[in-house]
Amino acid sequence: MTAVADQTPPPSAGVPRGHDGSGRPTRSLLEPAILRTALLDSLRKLNPRAMVRNPVMFVVEVGALLTTIVWIVQAFGGSIAGAGSDPAWYTFTVSGWLWLTVVFGNFAEAIAEGRGRAQAASLRAMRSETLARLRDGGTKAAGELQPGDVVVVVAGEVIPGDGTVVRGIASVDESAITGESAPVIREAGGDRSAVTGGTRVLSDELLVEVTQKPGESFLDRMIALVEGASRRKTPNEIALGILLAGLTLIFLVVVVTLRPFADYAGTATSLATLISLLVALIPTTIGALLSAIGIAGMDRLVRRNVLALSGRAVEASGDVDVLLLDKTGTITLGNRQASAFVPMPGVSERELAEAAQLSSLADETPEGRSIVVLAKDRLGIRARELTQSEAQFVPFTAQTRMSGVDYDGVRLRKGAGDAIERWIAAEGGTTPPQLRAAMDQIARDGGTPLAVARDNQALGVVHLQDIVKEGMRERFDHLRAMGIRTVMVTGDNPLTAAKIAQEAGVDDFLAEATPEAKLALIKEQQSGGRMVAMTGDGTNDAPALAQADVGVAMNTGTQAAREAGNMVDLDSNPTKLIEIVEVGKQLLITRGALTTFSIANDVAKYFAILPAIFAATYATHADGTGPLDKLNIMNLGTPRSAIVSAIVFNALVIPMLVPLALRGVKFRPVGATALLRRNLLVYGLGGLIAPFIGIKLVDLIVHNLLGA
628 MTAVADQTPP PSAGVPRGHD GSGRPTRSLL EPAILRTALL DSLRKLNPRA MVRNPVMFVV
688 EVGALLTTIV WIVQAFGGSI AGAGSDPAWY TFTVSGWLWL TVVFGNFAEA IAEGRGRAQA
748 ASLRAMRSET LARLRDGGTK AAGELQPGDV VVVVAGEVIP GDGTVVRGIA SVDESAITGE
808 SAPVIREAGG DRSAVTGGTR VLSDELLVEV TQKPGESFLD RMIALVEGAS RRKTPNEIAL
868 GILLAGLTLI FLVVVVTLRP FADYAGTATS LATLISLLVA LIPTTIGALL SAIGIAGMDR
928 LVRRNVLALS GRAVEASGDV DVLLLDKTGT ITLGNRQASA FVPMPGVSER ELAEAAQLSS
988 LADETPEGRS IVVLAKDRLG IRARELTQSE AQFVPFTAQT RMSGVDYDGV RLRKGAGDAI
1048 ERWIAAEGGT TPPQLRAAMD QIARDGGTPL AVARDNQALG VVHLQDIVKE GMRERFDHLR
1108 AMGIRTVMVT GDNPLTAAKI AQEAGVDDFL AEATPEAKLA LIKEQQSGGR MVAMTGDGTN
1168 DAPALAQADV GVAMNTGTQA AREAGNMVDL DSNPTKLIEI VEVGKQLLIT RGALTTFSIA
1228 NDVAKYFAIL PAIFAATYAT HADGTGPLDK LNIMNLGTPR SAIVSAIVFN ALVIPMLVPL
1288 ALRGVKFRPV GATALLRRNL LVYGLGGLIA PFIGIKLVDL IVHNLLGA
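Position in the sequence shown (from 1) plus 627 gives the number in the working numbering.
Pasting the structure below:
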């Protein structure tokens, strides 16, 4: 029994049909189903064993519990020694808003996780339980396949697990994973041999060797990622968490010591008031949003069809300051086209074109086909049938770096200039100096020269033109403004590489790149304290991908490349690396901006609570006023209304910032100085002003309407 076309379940019901560019449906931040689930999850997260992982919010929960106990005792007419003599309504109000502060903090994390689970549900709908046909004739459930098992998959069947094609070539539908409707070719050998479980063979037959372990397939890892089940805190997140915990401990000590000070001064300071002061002092805003910011950053990458194998990789992409980019297909269009024939002295253009065309008849590369087309369009030379002449085609190899054809005693070759020069010398001929001059000129013009020879005679050069993609210079200018240095990596000769680099606007280039040269370049940059990112798809890219701080492997690449990188681009688009860096930058910018806002936010709350607590301590007038009243710059009504207003605003600001934490602060490619200036101006100054306005508005309601 095998997998058939109708075994894949339909997408989950109720999925909104907006799109984010990946082909998969997107989900609104305010989708009712996600909001309902997030609200229930935020209540479940009140479990102290879960809360203790966030020291800031755990302290708020303990404070809420203590004030709740005090209120319950007050409600039954009792009192607790040292708890103060506040009215029950005041203690109840403080307790209620402290609980809401904790719930709102949990809600921020829950809604971020809820969006991930919604995506995971869609991914699960793509996965099917199939029976795999083994090469030896037996069958095995897809979930029981082991590395080394070889399965047969024919047209219409689902590939049961991740693996490598060991025989055959077929068209494969990967839309369930990538969202792209166009099928791709998978074949044994080369850089297109990796296949993903859950994709469907559309034609022919493949023999696939399984490389996954049970439960560790590409789709399983992706589901675990978007659910947040495997998300670990990143180094920066841990460092910020330690800082927040340290600040919380310091302010806890400060508030605890205020009680004996107040008793000595003869001021009655209640437990509810001291807890309110502590909650206002500690950075609750960023403490509540920190986890949601990290989850949302990974979510934004998933929506761009990039699978980050760790949160560390996402964060590292934001710190990248050197980008290694392949020239072909990334900076240039990739399909180099023949644009001109440059004959040698004594050779006509038609003679050169005929030889180039004959040597390209068996060449199925875009370059080879373009030579045949150019010969036809420019000189009217049509393709010839060579089977009657018992022609023997010579395929291109990395060792010879040339290809050609032998027929009727004539030997034609085309390839790299130095390879053709060596071949002519081996045939007993001499290379004219004009050949090297023509190739150098083409290289200086940004093209790629292909030399053509007949027997021991150099006939000329074919000019292959590689076109730089539109808008690349502007994108590199943006990266430069962010302080990121771009390096183009190419196998071209230095002259061609220099011309393309100049036209594209990259900062540097590596010509005639080998795997060893790429690895050495990455190590050199890292030794200077730089963070390096690169893309790759072949087995020869695996060492460099593993060495890079951010290694993005193409989904169409080999299994070795996908395992070496710490990110996988499901769309196999090399320019996606630029978007990945932008997402990483946005994650760091969002975290920094909201941290700045949170700290500035606390400063304003000090002016609301501190005068309210200590004004009566130093009262010098009959009406109870004194010098500390000058600190009441917001002119708040009463000490109790000031404290309640600060706690209410402290709670409400968290859900107000959830959309910003999930969507991220808008990314702009500016330098570090400009970014710091903008953060201080918008989020620093904004975080300082907003509480003054918000607390004053709440105080007007509490004091004037409720008479507090």
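No residue lacks a Cβ here, since even glycine has one placed at the ideal position from N, Cα and C.
It is roughly 11 Å from the alpha-carbon of LEU1327 to the alpha-carbon of ILE1320. Bridge pairing for GLU836: VAL777 and THR791 [DSSP]. Within 10 angstroms of the beta-carbon of ARG1189 lie 16 or more other beta-carbons, which makes it buried. Note on ASP763: under 16 other CB atoms within 10 angstroms of its CB, so exposed under the neighbour-count rule.
Restricting attention to alpha helix (DSSP H) runs no shorter than 4 residues, the stretch 953-1005 encloses them at 976-985, ordered along the chain.
Around the beta carbon of ARG931, a 10 Å sphere encloses 16 or more other beta carbons of the protein chains shown; the residue is thus reported as buried. Cβ neighbours of THR1223 within its own chain (closer than 6 Å, five residues either side excluded): ASN1306, TYR1310 and GLY1311.
With the rule of 3 Cβ pairs closer than 8 Å, the stretch 875-884 counts as touching the stretch 675-690. Between HIS1105 and PRO841, the C-beta spacing is not below 8 Å.
Residue environment analysis places GLU864 among the buried positions, since at least 16 neighbouring C-beta atoms fall within 10 angstroms of its C-beta.
Judged by their CB atoms, ALA1138 and MET1161 are not nearer to each other than the 8 Å cut-off.
Distances from the alpha-carbon of GLY1291 to those of ALA919, ALA899 and PRO862 put ALA919 closest. MET1029 and PRO1022 have their alpha carbons spaced roughly 8 Å apart.
Residue burial is scored here from C-beta neighbours: MET1283 has fewer than 16 other C-beta atoms within 10 angstroms and is therefore classed as exposed. ALA1171 is the residue among PHE1136, ALA1171 and ARG963 whose C-alpha sits nearest the C-alpha of ILE1149. Excluding the 5 residues flanking it on each side, ARG1038 has same chain C-beta neighbours closer than 6 Å at ASP1082, in chain order.
Here the C-alpha atom of ALA965 lies approximately 56 Å from the C-alpha atom of LEU916.
Put simply, the stretch 1115-1125 touches the stretch 1060-1072. At least three CB pairs are less than 8 Å apart. The alpha carbon of ILE696 has as its nearest neighbour, out of ARG671, GLY723 and ASN674, the alpha carbon of GLY723. DSSP places ARG1081 inside the beta strand (DSSP E), whose first and last residues are 1074-1081. The beta-carbon distance between VAL906 and ASN1228, rounded to whole angstroms, is 12 Å. This is too long to meet the 8 Å contact definition.
For the stretch 1160-1231, the continuous alpha helix (DSSP H) assignments of 4+ residues that do not extend past its boundaries occur at 1169-1174 and 1186-1191, in sequence order. Under DSSP, HIS1090 takes part in a beta bridge, and its partners are ALA967 and PRO1076.
Sorting LEU1086, GLN1153, GLY1087 and ALA1144 by C-alpha distance to the C-alpha of ARG1112 places GLN1153 at the top.
Residues ALA980, GLN984 and ILE1008 of the same chain have their beta carbon placed closer than 6 Å to that of ALA1002, with the five preceding and five following residues left out of the count.
DSSP places ALA1269 in no beta strand (DSSP E) but in the uninterrupted alpha helix (DSSP H) bounded by 1266-1290. For VAL883, the number of other beta carbons within 10 angstroms of its own is below 16, and it is reported as exposed.
Under the three-state reduction of DSSP output, ASP1134 falls in the coil class, being neither helix nor strand. Per DSSP, reduced to three states, the secondary structure at PHE1103 is helical. Residue pairing for VAL828: DSSP places it in a beta bridge opposite VAL799.
The beta carbon of SER944 lies closer than 6 Å to those of VAL1177, ILE1207, VAL1208 and GLY1211 in the same chain, with the five residues before and after it left out.
In this structure the stretch 940-955 does not touch the stretch 967-982; the number of beta carbon pairs closer than 8 Å is below three. Taking C-beta separations shorter than 8 Å and ignoring five residues to either side along the sequence, the partners of LEU670 in its chain run VAL730 and ASN733, following chain order.
Residue environment for GLU740: buried (at least 16 other C-beta atoms within 10 angstroms of its C-beta). Between the alpha carbons of LEU1204 and VAL933 lies a gap of roughly 10 Å. Here the alpha carbons of ALA815 and GLY1165 stand approximately 13 Å from one another.
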